[in-house]
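Undergrad: The opening residue of the sequence shown carries number 16 in our numbering; numbering runs sequentially from there. Ideal Cβ placement from N, Cα and C applies to all residues, glycine included. Handing you a structure now.
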Amino acid sequence: MAAKGLGMNRRLTAIVEREGDGYVALCPEVDVASQGGTVSEARDNLEEALTAFFETASEEELSRRLRNEVYVTHVEVAVG
């Protein structure tokens, strides 16, 4: 991983789901979440939260929390 401040971009996963009257966005690679009134707002707020996380997290916290492989897929199961 590049040193802090070198401007490296990383593609991360954003899972957005409705919760009550708004939406919650979660990045499972680092377990950071945010919320917003719309899907777009929740996603934008997650980007801000992730930027703040990567700017302030220690190398120890990054190595402890950062997951390099996260897969999003579908499964089909019988219900009821």
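Spatial neighbours of residue 80 within its chain, please: C-beta separation below 7 angstroms, excluding the five flanking residues on both sides.
TA: On the sequence shown, position 65 is the one that residue 80 refers to. 45, 46, listed in sequence order.
Undergrad: Mind checking residue 17: buried by the 16 CB within 10 Å criterion, or exposed?
TA: Residue numbering aside, residue 17 sits at position 2 when the sequence shown is read from its first letter. With a pLDDT of 44 at residue 17, under the threshold of 50, the modelled position of this residue cannot be trusted; read the value that follows with caution. Exposed, by the Cβ-count rule.
Undergrad: Under three-state DSSP, which class holds residue 41?
TA: Translated into positions along the sequence shown, residue 41 becomes position 26. In the structure shown, residue 41 sits in a strand (DSSP, three-state: E or B).
Undergrad: Relative to the C-alpha of residue 37, which candidate in 74, 56, 89 has its C-alpha closest?
TA: For this step, residue 37 is matched to residue 22 along the sequence shown. Selected option, being the one with the closest Cα: 56.
Undergrad: Quick check on residue 32: does DSSP put it in helix, strand or coil?
TA: Counted from its first residue, the sequence shown places residue 32 at position 17. Strand, per DSSP.
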